[in-house]
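Enquirer: For reference, the structure I am asking about is given below.
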Amino acid sequence: MNFTDLKTELTYVLQQAMIACLGNDYAETDPLIQFATRPEFGDFQANVAMSLAKTLQTNPFDLASRIVEYVGRQPLISAISVVKPGFINITVSDEAVLTQLQALKSPRYGVPALQQKETVVVDYGGPNAAKAMHVGHLRSAIIGDAIYRILDFLGYHVIRQNHIGDWGTQFGMLIEYMLEANIATTNLVIDDLNQLYQKAKAKFDVDADFALRARHRVALLQNHEAKTKAIWDDIIAISVDHFQAIYQTLHVRLTSQDICGESFYQDQLAKRVSEFEQAGLAVESDGAKVIFLEGYQDADGKAVPFLIQKSDGAYLYATTDLAAAKYRICDLAASRVIYVTDARQAQHFAMLFDCVKKMPWAEQANLQHVPFGSILGADKKPFKTRAGDVIKLTDLLSEAKNRAGVTAKEKNSQLHDADVNHIADVIGIGALKFADLVNDKVKDYVFDWDKMLAFEGKTAPYLINAYVRIQAIFRKLLPDQWHQDAALVISDPFERKLMMKLLGFAPTVVLVSQDLAIHKLCHYLYELAATFHGFYEHCPILTATTPEILHTRLYLCQETSGILKQGLALLGIDVLEHM
Ligand code: ARG
524 MNFTDLKTEL TYVLQQAMIA CLGNDYAETD PLIQFATRPE FGDFQANVAM SLAKTLQTNP
584 FDLASRIVEY VGRQPLISAI SVVKPGFINI TVSDEAVLTQ LQALKSPRYG VPALQQKETV
644 VVDYGGPNAA KAMHVGHLRS AIIGDAIYRI LDFLGYHVIR QNHIGDWGTQ FGMLIEYMLE
704 ANIATTNLVI DDLNQLYQKA KAKFDVDADF ALRARHRVAL LQNHEAKTKA IWDDIIAISV
764 DHFQAIYQTL HVRLTSQDIC GESFYQDQLA KRVSEFEQAG LAVESDGAKV IFLEGYQDAD
824 GKAVPFLIQK SDGAYLYATT DLAAAKYRIC DLAASRVIYV TDARQAQHFA MLFDCVKKMP
884 WAEQANLQHV PFGSILGADK KPFKTRAGDV IKLTDLLSEA KNRAGVTAKE KNSQLHDADV
944 NHIADVIGIG ALKFADLVND KVKDYVFDWD KMLAFEGKTA PYLINAYVRI QAIFRKLLPD
1004 QWHQDAALVI SDPFERKLMM KLLGFAPTVV LVSQDLAIHK LCHYLYELAA TFHGFYEHCP
1064 ILTATTPEIL HTRLYLCQET SGILKQGLAL LGIDVLEHM
């Protein structure tokens, strides 16, 4: 991926200076350019001297000073200096900033497009059939969808996979129970299935005869016996309707076409197990088939194996994942597979990847688990209703919209109902998603309606409001007032600050596409909006005194609103034209 942003250009300039100063051996040494941590340090700082001085056994300040001597005069740089212990502070020239700024074009705003198509699978969503979706599946959908959108924007060929739990003994149990109790699937909804499943499970646990019949039903299901299969089909259809309704409300891109659940892999499991046996990786242990891996031990230091077939012949979640990995790498031709699930599955995926990586077909593949923490209630315990029940996602999403609708009406009592509904949808769902994405996803976070819906702070309403404010400026613009062929100029430090922020979009998106730390994009967008507000307070726009200043300021408004809209779209969040 090659594109020239300021950081890339500076990296090149410093690398050349290092070669001139230290010789060709240092051609590959990264000068470690970063955005300056404080404005008084300039725009960027290069930190290479600190680490390199250790290797060269010299003093970092002297080393930095010598490198700087070789930088010489550069059109790119207006000031460069060394501060203790050995930081190189760099201010880029206004011309360089303006040249970069001029090149920012909607809709990519400097984000490079991948030259070679590379296939990535994103496995997200992953709810279980016959059960209502829970908040963990909400997080997987929100985070996975943002990952999907970012990689898609960068030009990857991204395949969504919704690995739903739609196979296993629980379905034999449920179907047997329904048949015996004479319950038809007509008119059933997900909550009914949920309840029936709980009843079936209770009976299974106490009634040995029923348990036997349920097991037999599993076998019938596996053999696709017509009556059993027909009920299973209905159960899955009801469940998928429920999942899709939630994804639609969330504006998550997962469609029913993306569903490729556990049942899809059924006829591949035996083959996968024997492949691992033939490769000498899977072995028998107490009648079961397991793969021993290095580095996984239980509390007593006993090796924990990866269990792929139980002694009664049954396959497991792990077996299905082996099959899914092969399908994705070999059939879908993915070079990277990303799994978005809660952090409790971290060990499962670590072991899965270790196993798969031992096979020749997976050697080149990049497998990544994106773990996330739990959503907590105000009491810092797992998020529940006041009565202590699990939260129903449908209720949660309606509440988000209702609350946002109430605020919208408070702010503007003239609004028509249709407008209120639209605003409630964009703000309510946007707030929920942003609150989920803004946290470092591995950590647990406390669910707080007031905080996420506030118009101040790191929230979707704050960002959407900044966008709306800019649209209002453009509505006030007189015809012929804006001469777009005027030159861009810098007449105020607040303009320059905003320019530098705008130039930070592309590097942020590229970084996030690699490390998948979505919260960095959230923080970037917040800083952009906050920097815009500073600019807006200090720099008159429509009353600017020269055509160049007016052009520059309007251009900054245009680019800011464009990047806010595009950046939020990458997170799966819409904007409003007015509120
Ligand atoms: N159904 C699983 C759950 O509820 C998530 C599936 C994740 N994907 C996978 N390939 N294992 O936790």
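Reading the sequence shown from the start, the letters are residues 524 to 1102 in this note's numbering.
No residue lacks a Cβ here, since even glycine has one placed at the ideal position from N, Cα and C.
If you're wondering where the values come from, they're calculated on a predicted model, not measured in any experiment.
#1: Could you tell me how far apart the beta carbons of Val806 and Thr842 are, in whole angstroms, since I believe they sit closer than 8 Å?
#2: So, at 8 Å on beta carbons, what are the nonlocal neighbours of His1046 in its own chain, with the 5 sequence-adjacent residues on each side left out?
#3: Buried or exposed for Cys1080, please, with buried defined as at least 16 other CB atoms from any protein chain shown within 10 angstroms of its CB.
#4: Per the DSSP calculation, Arg683 is bridged to which residue(s)?
#5: Counting only runs of 3+ residues fully inside the stretch 776-840, write out the beta strand (DSSP E) ranges in chain order.
#6: When the distance is taken between beta carbons, is Lys964 closer than 8 Å to Ile613?
#7: Using the rule of at least 16 other Cβ atoms within 10 Å of the residue's Cβ for burial, across every protein chain shown, is Ala941 buried or exposed?
#8: Just grab the DSSP bridge partners of Tyr968 for me.
#9: If you drop the 5 nearest sequence neighbours on each side, which residues of the same chain put their C-beta closer than 6 Å to that of Asp1097?
#10: How about Thr864: is its Cβ closer than 7 Å to a heavy atom in the ligand SAM?
#11: Is DSSP giving His739 helix, strand or coil here?
#12: Assign Gln1004 to one of two classes, buried (16 or more other C-beta atoms within 10 Å of its C-beta) or exposed (fewer than that).
#13: Where does Phe476 sit, in a helix, a strand or coil, going by DSSP?
#14: Would you say the beta carbon of Asp959 comes nearer than 7 Å to a heavy atom of the ligand ARG?
#15: Just how far apart, CA to CA, sit Phe787 and Lys750?
#16: Looking at the ligand ARG, does it come within less than 7 Å of Asp854, judged from the CB to the closest heavy atom?
#17: Say yes only if the C-beta of Asp844 is nearer than 7 Å to one or more non-hydrogen atoms of the ligand ARG, and no if none qualify.
#18: Three-state secondary structure (DSSP) at Gln1089?
#19: Whole angstroms are fine: how far does the CA of Gly546 sit from the CA of Pro1002?
#20: Less than 7 Å separating the Cβ of Asp646 from some heavy atom of the ligand ARG?
#21: Which stretch, first to last residue, makes up the alpha helix (DSSP H) that contains Val1103?
#22: For the alpha helix (DSSP H) holding Gln870, just list the boundary residues, first then last.
#23: Quick one: does the C-beta of Asn651 sit closer than 7 Å to a heavy atom of the ligand ARG?
#24: So if DSSP puts Asp865 in a beta bridge, which residue, or which two residues, is it bridged to?
#25: Along the beta strand (DSSP E) that carries Phe610, what are the first and last residues, could you check?
#26: Do Ile759 and Thr917 have their C-beta atoms within less than 8 Å of each other?
#27: Smallest Cα separation from Val643: which of Glu1100, Ile861 and Ile1041?
#28: Considering only heavy atoms of the ligand ARG, does any lie closer than 7 Å to the CB of His892?
#29: What are the uninterrupted segments assigned as alpha helix (DSSP H) that are 4 or more residues long and contained completely in the stretch 548-626, given in chain order?
#30: Residues in the same chain with beta-carbon distance under 6 Å from Asn570, minus the five sequence neighbours each way, listed in chain order, please.
#31: Kindly indicate the opening and closing residues of the alpha helix (DSSP H) around Gln994.
#32: Pull up the DSSP beta-bridge partners for Val860, would you.
#33: Using a threshold of 7 Å, is the CB atom of Gly688 nearer than that to any non-hydrogen atom of the ligand ARG?
#34: Distance, Cα to Cα, Tyr838 vs Gln832?
#35: The ligand ARG heavy atoms versus the CB of Ala885: any closer than 7 Å?
#36: Would DSSP call Pro650 helix, strand or coil?
Expert: Short version:
#1: Reading the sequence shown from its first residue, position 283 is the one you call residue 806. Reading the sequence shown from its first residue, position 319 is the one you call residue 842. With a beta-carbon spacing of about 15 Å, Val806 and Thr842 fall beyond the 8 Å limit used to define contacts.
#2: Here the question's residue 1046 lines up with position 523 in the sequence shown. Around His1046: Val961 and Lys981.
#3: Position 557 of the sequence shown, counted from the start, is the residue given in the question as residue 1080. Counting Cβ neighbours within 10 Å, Cys1080 comes out buried, since at least 16 surround it.
#4: Counting from 1 along the sequence shown, the entry for residue 683 is found at position 160. Looking at the DSSP assignment, Arg683 forms a beta bridge with Val645.
#5: 805-808, 811-814 and 829-832
#6: For the purposes of this step, residue 613 is identified with residue 90 of the sequence shown, where counting begins at 1. For the purposes of this step, residue 964 is identified with residue 441 of the sequence shown, where counting begins at 1. Cβ atoms of Ile613 and Lys964: not closer than 8 Å.
#7: Stepping through the sequence shown from its first residue, residue 941 is reached at position 418. Taking all protein chains in view, the Cβ of Ala941 is surrounded by fewer than 16 other Cβ atoms within 10 Å, so the residue is classified as exposed.
#8: Along the sequence shown, read from residue 1 onward, the residue named residue 968 stands at position 445. Tyr968 pairs with Ile898.
#9: What you label residue 1097 is simply residue 574 of the sequence shown in a count that begins at 1. Val949.
#10: In the structure on display, the ligand SAM does not appear, and the ligands it does have are the ligand ARG.
#11: Translated into positions along the sequence shown, residue 739 becomes position 216. It is helical.
#12: Locating residue 1004 in the sequence shown gives position 481, counting from the first residue. Burial call: exposed.
#13: Residue 476 is absent from the structure shown; the chain starts at 524 and stops at 1102.
#14: The sequence position of residue 959 within the sequence shown is 436, counting from 1. Exclusion of Asp959 from the 7 Å shell around the ligand ARG follows from its C-beta lying no nearer than that to any non-hydrogen atom of the ligand.
#15: Indexing the sequence shown from 1 puts residue 787 at position 264. Indexing the sequence shown from 1 puts residue 750 at position 227. When rounded, the distance between both Cα atoms is 19 Å.
#16: Position 331 of the sequence shown, counted from the start, is the residue given in the question as residue 854. False, no ligand heavy atom lies under 7 Å from that Cβ.
#17: Translated into the one-based positions of the sequence shown, residue 844 becomes position 321. Checking the Cβ of Asp844 against the ligand ARG gives yes.
#18: Position 566 of the sequence shown, counted from the first residue, corresponds to residue 1089. In the structure shown, Gln1089 sits in a helix (DSSP, three-state: H, G or I).
#19: Mapped onto the sequence shown, residue 1002 falls at position 479. Mapped onto the sequence shown, residue 546 falls at position 23. About 59 Å.
#20: Reading the sequence shown from its first residue, position 123 is the one you call residue 646. Yes - the ligand ARG has a heavy atom lying nearer than 7 Å to the Cβ of Asp646.
#21: Here the chain comprises residues numbered 524 to 1102, so residue 1103 is not present and cannot be evaluated.
#22: The residue given as residue 870 occupies position 347 in the sequence shown. Ala869 to Lys880 is the span of the alpha helix (DSSP H), which, as asked, contains Gln870.
#23: By 1-based counting over the sequence shown, the position of residue 651 is 128. At least one heavy atom of the ligand ARG lies less than 7 Å from the C-beta of Asn651.
#24: Here residue 865 is taken as the residue at index 342 of the sequence shown, counted from 1. Answer is Phe895, bridged to Asp865.
#25: In the sequence shown, counting from the first residue as 1, residue 610 sits at position 87. Per DSSP, Phe610 belongs to the beta strand (DSSP E) from Phe610 to Val615.
#26: Counting from one through the sequence shown, the residue named residue 759 turns up at place 236. Counting from one through the sequence shown, the residue named residue 917 turns up at place 394. In this structure, the beta-carbon distance from Ile759 to Thr917 does not fall below 8 Å.
#27: The residue labelled residue 643 in the question sits at position 120 within the sequence shown. The residue with the shortest Cα to Cα distance from Val643 is Ile861.
#28: Locating residue 892 in the sequence shown gives position 369, where the first residue counts as 1. His892: no, Cβ never under 7 Å from the ligand ARG.
#29: 571-579, 583-594 and 617-626
#30: Walking along the sequence shown from the start, residue 570 turns up at place 47. Excluding residues within five positions, the ones whose Cβ falls inside 6 Å are Leu555.
#31: By one-based count along the sequence shown, residue 994 stands at place 471. Per DSSP, Gln994 belongs to the alpha helix (DSSP H) from Ala983 to Lys999.
#32: Residue numbering aside, residue 860 sits at position 337 when the sequence shown is read from its first letter. In DSSP, Val860 forms a bridge with Val644 and Leu890.
#33: In the sequence shown, residue 688 corresponds to position 165, counting from 1. At least one heavy atom of the ligand ARG is nearer than 7 Å to the Cβ of Gly688, so yes.
#34: Residue mapping note: residue 838 aligns to position 315 of the sequence shown, counting from 1. Residue mapping note: residue 832 aligns to position 309 of the sequence shown, counting from 1. Each residue's Cα considered, the two are about 5 Å apart.
#35: Your numbering for residue 885 matches position 362 in the sequence shown. Remark: the C-beta of Ala885 is outside contact range of the ligand ARG, defined as less than 7 Å to any heavy atom.
#36: If you number the sequence shown from 1, residue 650 lands on position 127. DSSP places Pro650 in coil when its eight states are reduced to three.
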